[in-house]
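K.L.:
Supplied in structure tokens, the structure appears directly below.
Protein chains: 2
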Amino acid sequence: MTIGSNVESQGKCAQCGIRQSAFCTSADAHVRSEMERLSHIRTFKAGATILAEGEDMPIVGNVVSGVLRVQKTISDGRQQIVGLLLPPDMFGRVFAPLSPFAIEAATDVTLCCFPRPAFEKLLTAHRELEHRMLLTVLEELDAAREWMLMLGCQTVAERVASFLLILHRRFKDSCREADIGWARMYVEIPISRRDMAAYLGTTVETISRTIQTMARKNVIRMLDTRHFEIVDEKRMVKMSGREELAISADPLPSAMYGAH
Amino acid sequence: MTIGSNVESQGKCAQCGIRQSAFCTSADAHVRSEMERLSHIRTFKAGATILAEGEDMPIVGNVVSGVLRVQKTISDGRQQIVGLLLPPDMFGRVFAPLSPFAIEAATDVTLCCFPRPAFEKLLTAHRELEHRMLLTVLEELDAAREWMLMLGCQTVAERVASFLLILHRRFKDSCREADIGWARMYVEIPISRRDMAAYLGTTVETISRTIQTMARKNVIRMLDTRHFEIVDEKRMVKMSGREELAISADPLPSAMYGAH
DNA sequence: CGCCGTCTTGAGTCGCTTCAAGGGTAGTGG
DNA sequence: CCACTACCCTTGAAGCGACTCAAGACGGCG
């Protein structure tokens, strides 16, 4: 009855940009307020290490804005990005003492963090949260295996085309919201060429050549190094070698084509 | 008090070769007997399709003996194996109507099958089962990402070496049980060169050349096409480029190095 | 303006694939 | 028992996709 009786009307969650879609929506109101109490918002500069590979893992949470990369480095310096985390993805690994992969900020990021032990207690205390977590991890597993398919048996050109189509799909809705006329075929690459190479299992030079070739063939139009328009969707899909990535093929058969 | 009062002393589960280690051990006795009632043992010949890609998925279950491959084929025929399932691994995808990947028998197999809807009800009815499932899927995700690292930034020789070391590790315990003197360094490849190639993201020819080269260098000794002895573990680990795969490096930092 | 990091472009090289052929082994049927 | 087929594995030779190395162009920032 009094102003402020509704916790959610003023806490940090009230202004959260991902609150409609994040993990926490699967909890009911009083669990959400408990989560709000436990969480803290942190920001990191591009390049910062959130969790180091093989080290203790005090936090888990959600990406609120920006992009995280999940990666592993082998002793001679080669490294592979095994996942990109975009809002509202979760980061961190519950129920393991050490982080098997490094988590770093690919851009400036805002994160909603929970102490890992407290978050695990939440999962244990609330079935519906643990169930939602299971569904999330299952989809991540499907996505990881999709990516293995690309790394294992597709050419670099196919991987680049797939990546752009997946990015477009992932951001399509936000493009619509922005209500930009030509946005239907607009793609923003939120990461550097270096990270693209590490994600696609190739080198920056090859990435660059591939993109330039696609532009020269008028399959894409390059606005700047990170912004493109997909001019010829049909040929783009053909280049990706994956018919199921056709932009019109909506809705998805499952969420497995997220850009994880 | 009377003979036969213990359900588990005579049912099919009593003779199950994987009952000490399988998923079902996390359930208590009366849940196990319910699972026993729901399950049925089926066998398939090598090459048989258990679940087709993108089709309805009526069953899930455990591998009792033999090897399953989880794979995806793209339209032009290229295919990638994204997981190998060995006893006592689970196969199938809960909480999804369609199987995103094909599941086929890589060898003759024996499977313990559950109708998927019934199995999902079990998970929902018994927290501890769903929790165990979450842990299992998290480890599979870690393993899939490990594999992405190999596919994305290691050479074929490194992948083959890693694969053999992982296989050895996975079967080390069963070797010990068999009490064979030289078994400590013994490796059996349970699949064909063709499947190895599809798993390692290369071709049969390259697999063959790589193995022959390793044998010529006296890193391994070839007993027959599927049986090897690791003669020089140290060089083997060095070839794999992954120090953490050293056989002596026991116990594992986590279960993430299973041959999934 | 000059520095620096990122992206692009070129030339040479190499790892792996492709194509082609030969050998080994198991299963089949005469 | 052997011929015959079929499949798997091995080996060789040639070609190509991608990497490496090197240098230049672009853009942001002090």
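These protein sequences, in sequence, are chains D and R. Its first residue numbered 1, the first sequence is counted upward by one per residue in the working numbering. Its first residue numbered 1001, the second sequence is counted upward by one per residue in the working numbering. Virtual Cβ for every residue (Gly too), placed ideally from N, Cα, C. Treat the numbers as computed from the prediction; the structure is a model and nothing was measured.
1) So with CB distances below 7 Å, who are the chain D contacts of F1101(R)?
2) Suppose contacts are defined by Cβ-Cβ distances below 9 Å. Is I1081(R) in contact with D1195(R) by that definition?
3) Is the region 1026-1045 of chain R touching the region 1075-1095 of chain R, taking contact as three or more C-beta pairs under 8 Å?
4) Taking contact to mean at least 3 C-beta pairs separated by less than 8 Å, is the region 1100-1120 of chain R in contact with the region 1132-1150 of chain R?
5) For G1047(R), does the count of other Cβ atoms within 10 angstroms reach 16, so buried, or fall short, so exposed?
6) Who are the neighbours of Q1080(R) on chain D, taking C-beta pairs under 7 Å?
7) Assuming M57(D) and L122(D) make a contact with CB atoms under 8 Å, what is their CB distance in whole Å?
8) Assuming I1211(R) and L1200(R) are in contact, meaning their beta carbons sit under 8 Å apart, how far apart are those beta carbons, in whole angstroms?
9) Can a CB atom of chain D be found closer than 9 Å to the CB of S1075(R)?
10) Exposed or buried, which one is P117(D) when buried takes at least 16 other CB atoms within 10 Å?
11) Identify, in the order they occur along the chain, each residue of the same chain with its Cβ nearer than 7 Å to the Cβ of M240(D), setting aside the five sequence neighbours on each side.
12) Who are the neighbours of F1095(R) on chain D, taking C-beta pairs under 8 Å?
13) Return yes when at least one heavy atom of the ligand MG lies under 8 Å from the C-beta of E146(D), else no.
14) Return the Cβ separation of M1185(R) and E1244(R) in integer angstroms, given the expectation that the two are a contact with Cβ distance under 8 Å.
15) Using the Cβ count rule (16 or more neighbours within 10 Å means buried), how would you classify G1077(R)?
16) Are the Cβ atoms of F114(D) and V60(D) separated by less than 9 Å?
17) Would you list, in chain order, the members of the region 53-72 of chain D that have their beta-carbon closer than 8 Å to a beta-carbon of chain R?
18) So what does DSSP say about I1189(R), is it helix, strand or coil?
19) To which residues of the same chain is G261(D) closer than 8 Å at the C-beta, ignoring the five residues directly before and after it?
20) Hey, how far is the Cα of F228(D) from the Cα of R221(D)?
21) Measure the alpha-carbon distance for K1072(R) versus G11(D) and round it to whole angstroms.
22) Mind checking if R193(D) is an interface residue toward chain R, Cβ cutoff 9 Å exclusive?
23) If we count the other Cβ atoms within 10 Å of its Cβ and call it buried at 16 or more, is L141(D) buried or exposed?
24) Using the Cα positions of Q15(D) and S65(D), report the straight-line distance between them to the nearest angstrom.
25) Is there a C-beta anywhere in chain D that falls below 9 Å from the one on G1083(R)?
26) Taking Cβ positions only, does A1198(R) come closer than 9 Å to chain D?
27) So what's L123(D) in DSSP terms, helix, strand or just coil?
28) I18(D) bridges to which residues according to DSSP?
29) Give the single residue among R32(D), S21(D), A106(D) whose Cα lies nearest to the Cα of A198(D).
30) What does Q154(D) pair with, by DSSP beta-bridge criteria?
P.N.:
Straight from the coordinates:
1) By one-based count along the second sequence, residue 1101(R) stands at place 101. The answer, in chain order, is R145.
2) Taking the second sequence and counting its residues from 1, one reaches residue 1081(R) at position 81. Taking the second sequence and counting its residues from 1, one reaches residue 1195(R) at position 195. Their beta carbons are under 9 Å apart, which means I1081(R) touches D1195(R) by this criterion.
3) no
4) no
5) As a working note, residue 1047(R) is residue 47 in the second sequence. That one is exposed.
6) Counted from its first residue, the second sequence places residue 1080(R) at position 80. Those within 7 Å of Q1080(R) in chain D are M148, L149, G152, C153.
7) Reading the first sequence from its first residue, position 57 is the one you call residue 57(D). Reading the first sequence from its first residue, position 122 is the one you call residue 122(D). Contact doesn't hold; Cβ gap of about 16 Å is too wide.
8) To locate residue 1211(R), count along the second sequence from 1; it is residue 211. To locate residue 1200(R), count along the second sequence from 1; it is residue 200. The Cβ separation is near 11 Å, so there is no contact.
9) In the second sequence, counting from the first residue as 1, residue 1075(R) sits at position 75. For S1075(R), the answer is yes, since a Cβ of chain D falls inside 9 Å of its Cβ.
10) For the purposes of this step, residue 117(D) is taken as residue 117 along the first sequence, with counting starting at 1. Its Cβ having fewer than 16 others within 10 Å, P117(D) is exposed.
11) Taking the first residue of the first sequence as position 1, residue 240(D) is located at position 240. As written in the sequence, residue 240(D) is Ser, which differs from the Met given in the question. Excluding positions up to five away in sequence, the list reads E158, A161, S162, L165.
12) Here residue 1095(R) is taken as the residue at index 95 of the second sequence, counted from 1. Per Cβ cutoff of 8 Å: L134, L135, L138.
13) This structure simply doesn't include the ligand MG, nor any ligand for that matter.
14) In the second sequence, residue 1185(R) corresponds to position 185, counting from 1. In the second sequence, residue 1244(R) corresponds to position 244, counting from 1. In fact, because the Cβ distance is near 18 Å, the residues do not count as touching under 8 Å.
15) Taking the second sequence and counting its residues from 1, one reaches residue 1077(R) at position 77. Exposed, since its Cβ has fewer than 16 Cβ neighbours within 10 Å.
16) One-based indexing of the first sequence puts residue 114(D) at position 114. One-based indexing of the first sequence puts residue 60(D) at position 60. Their beta carbons are under 9 Å apart, which means F114(D) touches V60(D) by this criterion.
17) G54, V70, K72
18) Taking the first residue of the second sequence as position 1, residue 1189(R) is located at position 189. In the structure shown, I1189(R) sits in coil (DSSP, three-state: anything other than H, G, I, E or B).
19) What is shown of chain D runs 1 to 260, which leaves residue 261(D) out entirely.
20) Residue numbering aside, residue 228(D) sits at position 228 when the first sequence is read from its first letter. Residue numbering aside, residue 221(D) sits at position 221 when the first sequence is read from its first letter. Each residue's Cα considered, the two are about 6 Å apart.
21) Mapped onto the second sequence, residue 1072(R) falls at position 72. Mapped onto the first sequence, residue 11(D) falls at position 11. Taking the straight line from one Cα to the other gives about 46 Å.
22) Along the first sequence, one-based indexing puts residue 193(D) at 193. No, R193(D) lies away from the interface with chain R (no Cβ there is under 9 Å from its Cβ).
23) Looking up residue 141(D) in the first sequence gives position 141. L141(D) should be labelled buried.
24) Sequence index remark: in the first sequence, residue 15(D) carries index 15 (1-based). Sequence index remark: in the first sequence, residue 65(D) carries index 65 (1-based). Going from the Cα of Q15(D) to the Cα of S65(D) covers about 13 Å.
25) If you number the second sequence from 1, residue 1083(R) lands on position 83. G1083(R) counts as touching chain D.
26) Walking along the second sequence from the start, residue 1198(R) turns up at place 198. It does; some Cβ of chain D falls within 9 Å.
27) Within the first sequence, the letter at position 123 stands for residue 123(D). Note: L123(D) maps to helix in three-state DSSP.
28) In the first sequence, the residue the question calls residue 18(D) occupies position 18. Paired residue(s): none; I18(D) is not in a bridge.
29) Working through the first sequence from its first residue, we reach residue 198(D) at position 198. When each option's Cα is compared against that of A198(D), the closest is A106(D).
30) The sequence position of residue 154(D) within the first sequence is 154, counting from 1. Answer is none; Q154(D) lacks a bridge partner.
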